[in-house]
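Accompanying notes for the structure given below.
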Amino acid sequence: MTVVDKSMDLGYSSKKTEIFLNWLGTNKIVLDLGCYDGRDSKKFIGQGNTVHGIEVLQKPAKKAEKLGIKVKNIDIEKQSWEYKPNTFDVVICGDIIEHVIDVDTFLTNIKDVLKSGGEVYISTPNLASIGRRLLLLLGKNPFIEVSNIDKVNGFPAVGHVRYFTKTSLTRLLNHHGFEVVKVTSDNINLGGFSSAKLAEMFPTFSWRLIVKAIKSDV
């Protein structure tokens, strides 16, 4: 997994966390992939859930452990997750899949550790956001990273190697045995304009896709 530690604050979204919490409810066994320092995982626990986490960065993983998250400090692409099949009610992937090179094995592993009817929540930058569409129309880089050291339109690279639209992410999940039941977003950004309400109404124009999918028994 390609990760450049530029601090989670760079792309943190409280609205995204709120959406996950609303979907999650209570009394679930949860796996938070890329749990970082546990700031979201702690909220999942506070809502009455048991939370396990995987985090590749050692220092944030230790911070998450101190918050009561059962953390494994491993690389999800290079090391075994070491969970038994059918363990979790929910797997949460908050802005993780865009860092994953082998998304097929990644989704296979998620399906394996989920219980029958279990849910996966995925958030990821939207390749087809309105801002990116306009940048591409103007012949500018639509915030696509080509290097871990080269800045993108003035912003530092954070290790993105995959980019998705609503259609491509839905098809990928369907292929791996998941039924997408909800697609929403946290914000539409364009210059100085920002709207959470419009993002909820028109997620395909938003800057981040937030997806809920259910494990199929087929």
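All letters in the sequence shown, in the order written, are residues 1 to 218 by the numbering used here.
The beta-carbon is built from N, C-alpha and C at its ideal position, and this holds for glycine as well.
When DSSP assignments are scanned along the segment 43 to 126, the uninterrupted stretches of alpha helix (DSSP H) that are 4 or more residues long and fall wholly within it turn out to be 58 to 66 and 103 to 113. Excluding the 5 residues flanking it on each side, A199 has same chain C-beta neighbours closer than 7 Å at S185, D186, N187, I188 and S206, in chain order. Boundaries of the alpha helix (DSSP H) around T17: S14 to L24. By the Cβ-count criterion, L134 is exposed, with fewer than 16 other Cβ atoms from all chains shown falling within 10 Å of its own Cβ.
Apart from the 5 residues on each side of it in sequence, P203 sits with its Cβ closer than 8 Å to the Cβ of N126, K166, V183, T184, S185, L209 and I210 in its chain, given in chain order. Assignment of L138 by DSSP, reduced to helix, strand and coil, places it in the coil class. With the rule of 3 Cβ pairs closer than 8 Å, the segment 105 to 117 does not count as touching the segment 142 to 156.
The residue among E98, V90, G117 and G25 with its C-alpha nearest the C-alpha of G177 is G117. Per the Cβ contact rule, the segment 153 to 160 is not in contact with the segment 77 to 90 (fewer than 3 Cβ pairs under 8 Å).
Excluding residues up to 5 positions away in sequence, F44, N49, V51 and V90 lie with their Cβ nearer than 6 Å to the Cβ of V30 in the same chain.
Secondary structure at R208: strand, using DSSP grouped into helix, strand and coil.
For the set A128, L138, R39 and K59, the Cα lying nearest the Cα of L169 is the one of A128.
DSSP, reduced to helix, strand and coil, places I214 within a strand of the structure shown.
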